[in-house]
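Below: the structure, in structure tokens.
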Amino acid sequence: MKYIKWKNSILYFLFILPALFFFFLFFLYPFFRSLWISLTDAYGFNPEIHFIGLANYWEALSNKGFLNSIWVTVKYTAFVTIFANVCALFFALLLDGRCAFKKFFRAVFFLPNLMSLIIVSFVWVFIYGSVYRSFVSAFSIPEAWQISWLGNEKMALISMGITAIWQCAGYYMLIYIASLQNISPELIEAAAIDGASKFQIIRKIKLPLLVPTIDINTILLITAGFKTFDIPLAMTSGGPAGATTTITLQIYNTGFRSNRTGYAAAQSVVLFLIISVITAVLYLFQNRKGGSDS
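Numbering of the sequence shown is given in our numbering, commencing with residue 38 and proceeding in unit increments.
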């Protein structure tokens, strides 16, 4: 009997060994390698590396450019998280009930998510540029009312956020629709029989039952927002005047344009810690809220 258990244990281990190998190769090794490099003065492909302790971290946390990139990322993430959630939830509720061609509209809203973010960014640069100028010219809009979507420091970040929302809202809409379809139809029918309006059913039944899904989507959007790279790189390259330089773009500029590999690694570790802390706080908040509800 012991031999059979031992044999089964080896068999199970052999099955998970490939997954463990790739997990180590593509996650654990790069992470600990980056952690080590962040403690050195590594510069580009220079083979000479010296241990300098936490100097890179002190420089990062005292550098105005890096701190500004954190603040830019926080603003961008907050904007995208709030409005992508609102748009996704609105369209999910709209397309959940009896709606003509709802499968078609679901596919249409989800379609942008299948496109590369680089392609999406170039499309929206064209919209903010040539298409908008044609619109202004066609309707003779006064210059005072015209908007510099990517040239204005305040509007550039909003323009990036709109692009991200257009691309990702359909994905989160499908998550909400999947949760809505798990709600018991009998519960909704009973509320309708009792005289509840559609708005009351949404407010009193659907939204409370969607809270766990809202929490999950919020965590996904926040982590995606802090890791965003394609959109600022393709649309603004961090301009104007650093107004759209996110943390990831700052790390890219430091590591690949300035060739300060050790300093860039320290910045990436700081980003990892920020995402980990935010995710942990949201997870604990969700568990505590779930425990109080029960």
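A virtual CB, placed ideally from N, CA and C, is assigned to each residue, including glycine.
Among residues of its own chain, excluding the 5 on either side of residue i, which ones have a beta-carbon nearer than 6 Å to its beta-carbon?
| i | result |
| --- | --- |
| A302 | S71, I74, S75 |
| T260 | I312 |
| L308 | I284 |
| F59 | none |
Could you check if residue i is buried or exposed, using at least 16 other CB atoms within 10 Å of its CB as the buried criterion?
| i | result |
| --- | --- |
| Y49 | exposed |
| M272 | buried |
| N219 | exposed |
| S174 | exposed |
| Q204 | buried |
| V318 | exposed |
| Y289 | buried |
| I230 | exposed |
| S158 | buried |
| R294 | exposed |
| W161 | buried |
| A181 | exposed |
| V314 | exposed |
| G275 | buried |
| R240 | exposed |
| R135 | exposed |
The alpha helix (DSSP H) spanning residue i covers which residue range?
| i | result |
| --- | --- |
| E85 | It is not in any alpha helix (DSSP H) - E85 carries neither H nor E in the DSSP assignment. |
| E223 | 222-230 |
| Y113 | 101-131 |
| L211 | 190-217 |
| I238 | 235-238 |
| T285 | 284-289 |
| R143 | 139-147 |
| S295 | Where S295 is concerned, there is no enclosing alpha helix (DSSP H), given that its DSSP letter is neither H nor E. |
| L154 | 154-163 |
| I242 | It is not in any alpha helix (DSSP H) - I242 carries neither H nor E in the DSSP assignment. |
| V173 | 169-176 |
| I268 | 267-272 |
For residue i, does the three-state DSSP call read helix, strand or coil?
| i | result |
| --- | --- |
| T77 | strand |
| N254 | helix |
| G275 | coil |
| G166 | helix |
| T316 | helix |
| T281 | coil |
| Q183 | coil |
| R135 | coil |
Which same chain residues end up closer than 8 Å to residue i when comparing Cβ atoms and leaving out the 5 residues on each side of it in sequence?
| i | result |
| --- | --- |
| I89 | L76, T77, D78, G299 |
| L247 | L126, Y213, S216, L217 |
| F116 | L194, I195, G198 |
| N105 | G279, T282 |
| G102 | G279, T282, Q287 |
| Q237 | A228 |
| A97 | F103, Y300, A303, Q304, V307 |
| Y320 | I256 |
Might you give, ordered along the chain, the residues of its own chain that have their beta carbon closer than 7 Å to the beta carbon of residue i, omitting 5 neighbours on each side?
| i | result |
| --- | --- |
| G81 | N296, T298 |
| A56 | none |
| A129 | M210, Y213, I214, L217 |
| G292 | T298, A301 |
| T114 | I259, G262, F263 |
On a CA-only basis, which of the options is nearest residue i? Give me that one, please.
| i | options | result |
| --- | --- | --- |
| P149 | T260, N290, M210, W95 | M210 |
| W186 | I164, Q287, A228 | I164 |
| S99 | I315, N324, Q304 | Q304 |
| L270 | P277, L286, A280, G279 | L286 |
| P249 | L51, Q323, K139, L104 | Q323 |
| F120 | H87, E190, I202, A129 | I202 |
| I156 | I315, I268, T316, V314 | I268 |
| T316 | R294, V306, D252 | D252 |
| F146 | L131, F159, R135, R170 | L131 |
| L310 | I107, F60, P84, I53 | I107 |
| Y94 | Y320, R325, L321, V306 | V306 |
| L151 | I86, I178, G207 | G207 |
| K112 | P245, K191, I256, R325 | K191 |
| S221 | K243, F142, F69 | K243 |
| V123 | N189, E226, F138, N254 | N254 |
Contact criterion: CB-CB distance below 8 Å. Does residue i meet it with respect to chain C?
| i | result |
| --- | --- |
| L91 | Included in the structure is just one protein chain, with no chain C present. |
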